[in-house]
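K.L.:
Residue numbers (this note's numbering): 1408 to 1549.
In this text, a Cβ means the ideal position worked out from N, Cα and C, and glycines have one as well.
Values in this document were obtained by computation on a predicted structure and should not be read as measured data.
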Amino acid sequence: MRKREYLNVQILILYIKISSPIEIALRFVEYINEGDAEGLTTLMTEDFIFIDKAGETTYGRQRWDYFSQYPQYRIHVKHILTSGDAVAIIGKTTDSHVPRELEEKEHVLWIAVIRNDLVSQWRIYSDIDEIKKTDESIRDKR
């Protein structure tokens, strides 16, 4: 194999690795952790859908001002699962709108649907309501 062909193969391998659904989803998380709204929008499809914990749906690339309100907000990835173009990220957050005592106990599931190397849907699921129901110390503070 000539040097130029070898270089092209390396570039192709790099492109494939960067373009995997997991890599795209993790890059999306990285932009969230950096509070980089511009970076986030570069990874979103034109018809991007965001569904929050309450099931509220936002369409399009707007509404990422949330991160300017919580500049220390971080996603801490614990596990990643994938099936086709869907990526499930299980983890925790810090410095969100949720009180710290709830946030420490909360487990969060983020689902990223990847289409044409972009995130077409980002959905958040949480066990926060279950925590509130079962944890008396937190329930009494409501």
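Alpha carbons only, please: which of GLY1442, ALA1444, GLU1453, SER1533 is nearest the one belonging to TRP1517?
P.N.:
Mapped onto the sequence shown, residue 1517 falls at position 110. The residue with the shortest Cα to Cα distance from TRP1517 is SER1533.
K.L.:
Would you kindly work out how many angstroms separate the C-alpha atoms of GLU1511 and ASP1502, rounded to a whole number?
P.N.:
For the purposes of this step, residue 1511 is taken as residue 104 along the sequence shown, with counting starting at 1. For the purposes of this step, residue 1502 is taken as residue 95 along the sequence shown, with counting starting at 1. Going by the C-alpha atoms only, they are around 10 Å apart.
K.L.:
Rounding to the nearest angstrom, what Cα-Cα distance links LEU1433 and GLU1508 in this structure?
P.N.:
Residue numbering aside, residue 1433 sits at position 26 when the sequence shown is read from its first letter. Residue numbering aside, residue 1508 sits at position 101 when the sequence shown is read from its first letter. Spanning the two alpha carbons is a distance of roughly 26 Å.
K.L.:
Could you tell me if PRO1428 is buried or exposed, where buried requires 16 or more neighbouring beta carbons within 10 angstroms of its beta carbon?
P.N.:
Taking the sequence shown and counting its residues from 1, the one referred to as residue 1428 is at position 21. By the neighbour-count rule (16 or more Cβ atoms within 10 Å), PRO1428 is buried.
K.L.:
Can you tell which of GLN1479, HIS1486, SER1527, VAL1526 has the C-alpha that lies nearest to the C-alpha of HIS1504?
P.N.:
In the sequence shown, residue 1504 corresponds to position 97, counting from 1. The shortest C-alpha separation from HIS1504 is found at GLN1479.
K.L.:
Excluding the 5 residues preceding and the 5 following HIS1514 in the sequence, name in chain order all residues of the same chain whose CB lies nearer than 6 Å to its CB.
P.N.:
Here residue 1514 refers to the residue found at position 107 of the sequence shown. Here the set comprises ASP1534.
K.L.:
Thinking HIS1483 and THR1465 are a contact (beta carbons under 8 Å), I'd like their distance in whole angstroms, please.
P.N.:
Start at 1 with the first residue of the sequence shown, and residue 1483 comes out as number 76. Start at 1 with the first residue of the sequence shown, and residue 1465 comes out as number 58. No, HIS1483 and THR1465 are not in contact; Cβ-Cβ is about 24 Å, not under 8 Å.
K.L.:
How would you label ALA1519, buried or exposed, when you count the other beta carbons within 10 angstroms and need 16 or more for buried?
P.N.:
Translated into positions along the sequence shown, residue 1519 becomes position 112. It counts as buried.
K.L.:
Please report the Cβ distance between ILE1456 and SER1527, rounded to the nearest whole angstrom; I am assuming they are in contact, meaning their Cβ atoms lie under 8 Å.
P.N.:
Here the question's residue 1456 lines up with position 49 in the sequence shown. Here the question's residue 1527 lines up with position 120 in the sequence shown. Their Cβ separation, rounded to whole angstroms, is 7 Å, which keeps ILE1456 and SER1527 in contact under 8 Å.
K.L.:
Could you tell me the distance, in whole angstroms, from the CA atom of VAL1494 to the CA atom of LYS1485?
P.N.:
The residue labelled residue 1494 in the question sits at position 87 within the sequence shown. The residue labelled residue 1485 in the question sits at position 78 within the sequence shown. Computed Cα separation, rounded: 13 Å.
K.L.:
In the DSSP output, what is GLN1528 paired with across the bridge?
P.N.:
Residue 1528 sits at position 121 when you count from the first residue of the sequence shown. According to DSSP, GLN1528 bridges with ILE1456, VAL1520.
K.L.:
Does LEU1488 pass the burial test, meaning 16 or more other C-beta atoms within 10 Å, or should it be called exposed?
P.N.:
The residue labelled residue 1488 in the question sits at position 81 within the sequence shown. Looking at its Cβ environment, which holds fewer than 16 other Cβ atoms inside 10 Å, LEU1488 is exposed.
K.L.:
Under 7 Å between the Cβ atoms of THR1452 and ARG1522?
P.N.:
As a working note, residue 1452 is residue 45 in the sequence shown. As a working note, residue 1522 is residue 115 in the sequence shown. Their beta carbons are under 7 Å apart, which means THR1452 touches ARG1522 by this criterion.
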